[in-house]
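Beneath this line is the structure, given in structure tokens, with notes to follow.
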Amino acid sequence: MSEPMVKAEAVHKSFGRLEVLRGISLEVAPGEVMCVLGPSGSGKSTFLRCINHLEKIDAGRLWVDGSLVGYRQDGDKLYELREREVARERAQIGMVFQRFNLFPHMTALQNVIEAPTRVKNVPREPAVASARALLERVGLADKEDAYPAQLSGGQQQRVAIARALAMEPKLMLFDEPTSALDPELVGDVLDAMRQLCRDGMTMVVVTHEIGFAREVGDTLVFIDEGIVVEAGRPRDVLDNPREERTRAFLSKVLA
Amino acid sequence: MRHVGRWIAAAIVLLLAAIVIHSVATNPRFEWDIVGNYLFDARVLRGVRVTLELTVISMAIGITIGVVLAVMRLSPNPLVSGGAWVYIWFFRGTPVLVQILFWGFVSALYPKISIGIPFGGPEFAGADANHVIKPFVAAILGLGLNEGAYMAEIVRAGMLSVDEGQSEAAHSLGMTRMQTLRRIVLPQAMRVIIPPTGNETISMLKTSSLVSVIAYAELLYSVQLIYSVNFKTIPLLLVAAIWYLFFTTILSIGQYYLERHYGRGLARELPPTPLQKLRARLFPERRQEEPLV
Chain A
2 MSEPMVKAEA VHKSFGRLEV LRGISLEVAP GEVMCVLGPS GSGKSTFLRC
52 INHLEKIDAG RLWVDGSLVG YRQDGDKLYE LREREVARER AQIGMVFQRF
102 NLFPHMTALQ NVIEAPTRVK NVPREPAVAS ARALLERVGL ADKEDAYPAQ
152 LSGGQQQRVA IARALAMEPK LMLFDEPTSA LDPELVGDVL DAMRQLCRDG
202 MTMVVVTHEI GFAREVGDTL VFIDEGIVVE AGRPRDVLDN PREERTRAFL
252 SKVLA
Chain B
1039 MRHVGRWIAA AIVLLLAAIV IHSVATNPRF EWDIVGNYLF DARVLRGVRV
1089 TLELTVISMA IGITIGVVLA VMRLSPNPLV SGGAWVYIWF FRGTPVLVQI
1139 LFWGFVSALY PKISIGIPFG GPEFAGADAN HVIKPFVAAI LGLGLNEGAY
1189 MAEIVRAGML SVDEGQSEAA HSLGMTRMQT LRRIVLPQAM RVIIPPTGNE
1239 TISMLKTSSL VSVIAYAELL YSVQLIYSVN FKTIPLLLVA AIWYLFFTTI
1289 LSIGQYYLER HYGRGLAREL PPTPLQKLRA RLFPERRQEE PLV
């Protein structure tokens, strides 16, 4: 059995007095696609942001590919990593945001080559070549000179996916990637994610797309009030939920 | 008739303009011939050059200090952000005229300036303050350090205007705090920073006249030197005013194009410049023959 790509052990996180995560434990195997479902405010996005240390966890342990996220363990003590070390860890984890967060002052191509050239010091020529390949892969070969404001939401999100892939991550995090899109634009983004899954990428996807979770997900996790309520194969969880809370949520979403 | 109010307002404006022009043109005490004689006088032109130098150097110092202070103020380290706060508090809290005078007289406070180990350690190099802090140095210290405090607030407001998601996206790609600042946050903050910085530059051009109090021969002090001899006070002040107006006009035009440049990527299409509008109005048919590709 290979080492899990993501391993969470009793992860806690509070914002002030509000306890958002109350002990999340789960594992994601390499190549696995895990979909995370849950009502808004359940802590699912916060958990995702803990995986690349955009949020610091308050208690518990979180590993990515065998190394602690944001910390170094020395005996019993944890030491926070320095900024540069955190950045190095993050460079290996791609993230796609609900609001795309493309850099508006850069063209699509510039968005994609920015991190490889600045963070990994890839020379410009090969960076541009692989950026073009990535844009073509998400179906935007003709849009490399467009600024984000000139692209539709769905196109922006696909550029954002290409931008994250340009760092050749070993893990991709998706934070409700289709929630800000008009319904007719959702399909193209989901297609890009499907293809990524076929290529064997390990993915954690926070989503409301039940159909996508059923079709593409290897596992489905239902989070509510900061804990994992139910986890299993998507078909099992969706068709035969064991927990009352899962049933209540699904009946609202599927209604 | 439509737009009655508009026609009346236009008539009043025209009337007022006529009164002002008539008075300025016919009052002999303006002595326009003398204005003409001195407009390109060598002493005046030297003053113009010095004023431009002061403006550019002081703004460069001000912008540099402003960016550093703004980054410091947003630092998570309370000592660093507190230090920036104290600087801004002090330099914004005292008049720039007082600061210029202070630097002019600094040799009374520190007669000797030296580089070495502080608190009584060895000294590597030292000099008489009166030789180091010449009027020019006092002038740019007074103007530049003061400007830094104002620029800090402008830069900080610009950086805060950039959506948090931008930094998060940059961080998630593995960029460090400094890379994120330089490549992602500051370029976007420019859109908010540029317009007030243009105002600061225009304001600096005129504020630099304050250094006449430490007898540094910029534009105003240069014309003062001339009219203290020939008593043509009004025409020579007009000479200075014309030069100030000329350069503030140039700066305003430059600011317009800078703002357009940094607005790029925000709107789908940039609005035409006044020049493009004029051309479109003068040659409407040409534009239809050759549509923009």
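So the protein lines, in turn, are chains A and B. In this text, residue positions in the first sequence follow this note's numbering: the first is 2, and each later residue adds one. In this text, residue positions in the second sequence follow this note's numbering: the first is 1039, and each later residue adds one. Ideal Cβ placement from N, Cα and C applies to all residues, glycine included. None of these values were measured; they are calculated from a predicted model.
Problem set entry | From B/L1275, B/I1171, B/G1182, residue whose alpha carbon lies closest to that of B/A1146 | B/I1171
Closer than 7 Å to chain B by CB, A/V21
no
ask   = Run through DSSP, which three-state label would A/M173 get?
value = strand
Item to complete: Would you identify the three-state DSSP class for A/M96, choosing helix, strand or coil?
Response: strand
I'd like the list of long-range same chain contacts for A/V87, defined as Cβ closer than 8 Å, with 5 residues on each side in sequence excluded.
H54, G71
Collapsed DSSP secondary structure at B/K1172 in the structure displayed: coil
Grouping DSSP H, G and I as helix and E and B as strand, with all else coil, what is B/K1315? helix
Between B/I1099 and B/I1178, how many whole angstroms is the CB-CB distance? I'm expecting something under 8 Å. 6 Å
For A/Q196, which option in A/L135, A/T220, A/R243 has the closest C-alpha, if you only look at C-alpha atoms? A/L135
Assuming A/V1 and A/C198 are in contact, meaning their beta carbons sit under 8 Å apart, how far apart are those beta carbons, in whole angstroms? Since the first residue shown for chain A is 2 and the last is 256, residue 1 of chain A is missing from the structure and cannot be characterised.
Short CB-CB distance (under 7 Å) between A/V123 and chain B: no
Which of helix, strand or coil DSSP assigns to A/S41:
coil
Would a C-beta distance cut-off of 7 Å place A/L38 and A/F223 closer than the cut-off?
yes
A/F213: buried (16+ other C-beta within 10 angstroms of its C-beta) or exposed?
buried
(message) Tell me whether the segment 44-61 of chain A and the segment 173-185 of chain A touch, counting them as touching only if at least three CB pairs, one residue from each stretch, are closer than 8 Å.
(response) yes
Q) Are the beta-carbon atoms of B/L1012 and B/I1264 separated by less than 7 Å? A) Any property of residue 1012 of chain B remains undetermined from this structure, which presents chain B solely from 1039 to 1331.
Buried versus exposed call for B/W1141 [16 or more other C-beta atoms within 10 Å across all chains shown]: buried
State yes or no: is the C-beta of B/A1341 within less than 7 Å of the C-beta of B/L1257? Since the displayed chain B opens at 1039 and closes at 1331, residue 1341 of chain B lies outside it and no answer follows.
- My understanding is that B/S1026 touches B/I1240, with C-beta atoms under 8 Å, so please give their C-beta distance in whole angstroms. In this structure chain B extends from 1039 to 1331, so residue 1026 of chain B is not present and cannot be described.
_Considering just the uninterrupted stretch of the alpha helix (DSSP H) at B/F1140, what are its terminal residues?_
1134-1142
ask   = Can you name the start and end residues of the beta strand (DSSP E) that B/H1041 belongs to?
value = B/H1041 -> no beta strand (DSSP E), and no H or E assigned at all.
task: Please compile the residues from chain B whose C-beta is within a distance smaller than 8 Å of the C-beta of A/R85.
output: T1214
Quiz item: Does the distance from the CB of A/L172 to the CB of A/T203 come in under 7 Å?
Solution: yes
>> Which runs of the alpha helix (DSSP H) at least 4 residues long sit entirely within the segment 119-169 of chain A? Give them in chain order.
In response: 125-138, 154-166
- Item | Rounded C-alpha distance that separates B/L1243 from B/V1086 | 10 Å
Notebook entry, point to check: Along the chain, which unbroken stretches of the beta strand (DSSP E) at least 3 residues long are found entirely within the segment 1093-1162 of chain B?
Noted result: 1150-1154
Run through the segment 54-95 of chain A for me and flag every whole beta strand (DSSP E) of 3 or more residues, listed as ranges in chain order.
60-65, 72-75, 78-81
Check: Straight-line CA distance for A/R18 to A/G24?
Finding: 16 Å
Hey, does A/F104 have any beta-carbon neighbour from chain B nearer than 7 Å? yes
**Message:** Looking at chain B, is there any beta carbon in it that lies within less than 7 Å of the beta carbon of A/V207?
**Reply:** no
Of all Cβ atoms in chain B, is any one closer than 7 Å to the Cβ of A/A116? yes
- request: State the start and end residues of the unbroken beta strand (DSSP E) segment that holds A/H209.
  value: Neither: A/H209 is in no beta strand (DSSP E) and is coded neither H nor E.
For this session: Give the residues from the segment 1112-1133 of chain B that approach chain A closer than 7 Å (Cβ to any Cβ), ordered along the chain.
Result: none
- Task: Classify A/K57 as buried or exposed, calling it buried when 16 or more other Cβ atoms lie within 10 Å of its own Cβ.
- Result: exposed
With a 10 Å radius around its C-beta and 16 neighbouring C-beta atoms as the bar for buried, classify B/M1228 as buried or exposed. buried
Chain A contact residues for B/L1219, given Cβ-Cβ distances below 8 Å: Ordered by position in chain A, no residue passes the 8 Å Cβ test against B/L1219, which lies about 12 Å from the chain.
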